[in-house]
Structures are given as structure tokens and as C-alpha cells.
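Heads up, the thing below is written out as C-alpha cells.
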Amino acid sequence: MNEDAALLRENTKSDYKTKLKKAFIWFWRICIFAITGSSSVHVTSALLHWLHFSKNAWYYYVMFILVETVVYTIMLVSIGTIFFQWRYFCTIAFRLWAWLMPKRWKAWCTRRLDDSPTTLL
Numbered sequence: 001m002n003e004d005a006a007l008l009r010e011n012t013k014s015d016y017k018t019k020l021k022k023a024f025i026w027f028w029r030i031c032i033f034a035i036t037g038s039s040s041v042h043v044t045s046a047l048l049h050w051l052h053f054s055k056n057a058w059y060y061y062v063m064f065i066l067v068e069t070v071v072y073t074i075m076l077v078s079i080g081t082i083f084f085q086w087r088y089f090c091t092i093a094f095r096l097w098a099w100l101m102p103k104r105w106k107a108w109c110t111r112r113l114d115d116s117p118t119t120l121l
């Protein structure tokens, strides 16, 4: 009986640690999404300003959406890599752009993501 109680306590501790670790990883990822989202808007605005697009023109907003999509993806993978979440954010980027990729590229990306090591956290 005593051994069963000790085993149950150990399983409860490891379950708690696993849940805590998962919660921390998701908090970490949400922080990365927040950093990327706000930063990419600033970068896109600066880029369009540098290219002399006027905010008063209707095409500014069309260009903003198109450029923002690309800038956001690049920054998401870059910032995710810096914060040790490369695999997760590359998978997000792959899902975002897979519909545009040729079949060869899709296969290569899928193999690369499957063969990559898991995240450090």
C-alpha cells in the first residue's frame, strides 16, 4: 500500500511538472507572437514610408497587407528561432505559404520539419 501511494505521488508530481512545462512553452510562444505582431507592423510601415507610399492613397493599404504578410512570416520564423522555437514557427510559416509552393518544395519542407530536432524548451 505504501509503495502504491509513493508511486501515485510520483506520477502526480511528474504530471504537474509536465503541465507546468507545457503552460510555460505556450506562454513563451504567445509572447513571441506578440513581439512579432507589433514589430512587423512597425517594420512594414517604415518600409512603405521608405518606398514613398502615401498613407492617403488607397493602394497603400493594399500594399501594406501584402508586404505585412511576407514581413510577418520572416520575422515570425526569425524571432521564433532566436527564442528556441524554430520548429513550431517554421511549421506555422509552412502552413501559411504551403498553398503557393510547388510539390517538390512542400515535400522538402515536410521532410526538413520532420527530421529537425524538437525545441529546447
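Position 58 (the sequence shown) corresponds to 58 in the UniProt record's numbering; numbering is contiguous. Glycine residues also receive a C-beta, built at the ideal position from the N, C-alpha and C atoms. Predicted model only: the values in this text are computed from it and were never measured.
DSSP state of residue i mapped onto helix, strand, coil
| i | result |
| --- | --- |
| M101 | coil |
| L51 | coil |
| S116 | coil |
Residue range of the alpha helix (DSSP H) that includes residue i
| i | result |
| --- | --- |
| F64 | 58-82 |
Among the options, the one whose alpha carbon lies nearest that of residue i
| i | options | result |
| --- | --- | --- |
| D94 | A34, L51, F24, T73 | Looking at the sequence provided, one finds Phe at residue 94 rather than Asp. Measuring from the Cα of F94, the nearest candidate turns out to be T73. |
| R29 | F83, C109, D114 | F83 |
| Q85 | A107, K55, F24 | F24 |
| R112 | W50, W99, S54, C90 | C90 |
| F92 | K17, P102, C109 | As written in the sequence, residue 92 is Ile, which differs from the Phe given in the question. Checking every option, the nearest Cα to that of I92 belongs to C109. |
Distance between beta carbons of residue j and residue i, contact taken as under 8 Å
| i | j | result |
| --- | --- | --- |
| T36 | L76 | 5 Å |
| V71 | S40 | 5 Å |
| T44 | F27 | Actually they are not in contact, since the Cβ atoms of T44 and F27 sit about 26 Å apart, beyond 8 Å. |
| R87 | S54 | Contact doesn't hold; Cβ gap of about 41 Å is too wide. |
| V67 | L47 | 6 Å |
CB contact below 8 Å: residue i versus chain C
| i | result |
| --- | --- |
| H52 | The chain inventory of the structure shown lacks chain C, comprising one protein chain alone. |
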